[in-house]
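Working notes for the structure below.
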Amino acid sequence: MKKYLSAAFTNFLLNFFKSHAFRSSFNHDIALARSLKSLSTTVDYVDNKMSHIPSVDHHLKVHDVAIQSISIPDGLILEFGVFSGKTINHIAEKLPGHQVYGFDSFEGLPEFWRDGYEKGHFAVTELPQVAANVTLVKGWFDQTLPDFKAKNDSALAYLHVDCDLYSSAKTIFDMLKDNIVAGTVIVFDEYFNYPGWMEGEFKAFHEFLAETGKEYKYLTYNVKHEQVAVVMTKG
1072 MKKYLSAAFT NFLLNFFKSH AFRSSFNHDI ALARSLKSLS TTVDYVDNKM SHIPSVDHHL
1132 KVHDVAIQSI SIPDGLILEF GVFSGKTINH IAEKLPGHQV YGFDSFEGLP EFWRDGYEKG
1192 HFAVTELPQV AANVTLVKGW FDQTLPDFKA KNDSALAYLH VDCDLYSSAK TIFDMLKDNI
1252 VAGTVIVFDE YFNYPGWMEG EFKAFHEFLA ETGKEYKYLT YNVKHEQVAV VMTKG
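In our numbering, each residue carries its 1-based index in the sequence shown increased by 1071.
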């Protein structure tokens, strides 16, 4: 039935693209076509890989579900990509007995990501206000992680990857691969459902899996956006 529905959805999109209404109004709208295509490929991926897990409808609810799966009591809790501090404060509120570390250059994206997100996007003029159990680590990931690991080299209990770019996500997984173990919970903020999603955080994660032989399972995903949570099952 799921395969039938997926095929039906794809056929609907194809017929829509061919319709007179579409051709007359959006025939040259590449951005719209790419968005619809990315939605279709995401639906196929969910049908094939996530049909057995519950979904949620808000990005913070993804964290609420993921936090319940934390099983490493003394593990590190890290966020990469802090920006306004909204998400890290939410995590800190849910985990009042833990120190939460937030990594961000606060200078914005180091390179172009996709249309609407140029180099420098997400830059802030001052650091965000954060909870008492949050420590901000300012700087580019490749420059701040070595010193941080020299002082904090424990297993990761919770990892929030909110860096958008493949290159930034790859840096995270390259430098923390030994700290990601069975039981580590990972939340991706831009895993799928946008044009080019297979070349972003998704790609960096699956390259990490192929390189290390580590395994995971899905916990939940945001049915209305791009967020996905996993837990490592083999580390």
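For glycine and all other residues, C-beta sits at the position ideal for the given N, C-alpha and C.
Everything numeric in this text was worked out from a predicted model, so none of it was measured.
C-alpha distance - residue i paired with residue j, whole-angstrom precision
i: Tyr1172; j: Thr1215; result: 12 Å
i: Ala1281; j: Ile1124; result: 23 Å
i: Gln1298; j: His1130; result: 6 Å
i: Ser1239; j: Leu1230; result: 14 Å
i: Gly1187; j: Gln1200; result: 26 Å
i: Pro1144; j: Ala1253; result: 13 Å
i: Tyr1116; j: Ala1102; result: 21 Å
i: Glu1164; j: Gly1146; result: 17 Å
i: Val1205; j: Phe1177; result: 16 Å
i: Phe1279; j: Thr1255; result: 14 Å
i: Asn1223; j: Val1153; result: 19 Å
i: Ile1243; j: Val1294; result: 26 Å
i: Thr1158; j: Val1114; result: 26 Å
i: Ile1138; j: Tyr1287; result: 16 Å
i: Thr1304; j: Ser1106; result: 33 Å
i: Glu1270; j: Ala1221; result: 31 Å
i: Ile1141; j: His1169; result: 12 Å
i: Leu1247; j: Lys1274; result: 16 Å
i: Met1121; j: Asp1100; result: 31 Å
i: Pro1167; j: Asn1086; result: 52 Å
i: Thr1196; j: Asn1119; result: 43 Å
i: Phe1263; j: Asp1235; result: 11 Å
i: Asp1245; j: His1192; result: 24 Å
i: Tyr1265; j: Phe1259; result: 13 Å
i: Ser1225; j: Val1136; result: 23 Å
DSSP three-state assignment for residue i, whether helix, strand or coil
i: Thr1291; result: strand
i: Asp1118; result: helix
i: Ser1111; result: helix
i: Asp1245; result: helix
Exposure of residue i, with buried meaning 16 or more beta-carbon neighbours within 10 Å
i: Asn1160; result: buried
i: Gly1284; result: exposed
i: Leu1198; result: exposed
i: His1134; result: buried
i: Phe1276; result: buried
i: Asp1218; result: exposed
i: Thr1291; result: buried
i: Ala1194; result: exposed
i: Phe1083; result: exposed
i: Glu1182; result: exposed
i: Glu1189; result: exposed
i: Ala1228; result: buried
i: Gly1156; result: buried
i: Asp1249; result: exposed
Residue i beta carbon near the ligand ZN (any heavy atom closer than 7 Å)
i: Glu1150; result: Ligands displayed in this structure: none; no statement on the ligand ZN is therefore possible.
8 Å Cβ cutoff, residue i in contact with chain D
i: Thr1215; result: Checking the listed chains, one finds no chain D in this structure; it contains a single protein chain.
Uninterrupted alpha helix (DSSP H) stretches inside the segment 1177 to 1239 (no shorter than 4 residues): 1212 to 1222, all fully within the segment 1177 to 1239.
Please specify which runs of the beta strand (DSSP E), each continuous and at least 3 residues long, are wholly inside the segment 1250 to 1293, giving them in chain order. Complete beta strand (DSSP E) runs here, min 3: 1256 to 1259 and 1286 to 1293.
Mind the definition here: the segment 1285 to 1304 touches the segment 1126 to 1140 only if three or more C-beta pairs lie below 8 Å; say whether that holds. At 8 Å Cβ cutoff, the stretches touch.
Tell me the start and end of each unbroken alpha helix (DSSP H) in the segment 1118 to 1157 that is at least 4 residues and wholly inside, in chain order. Listed in chain order, they are 1130 to 1138.
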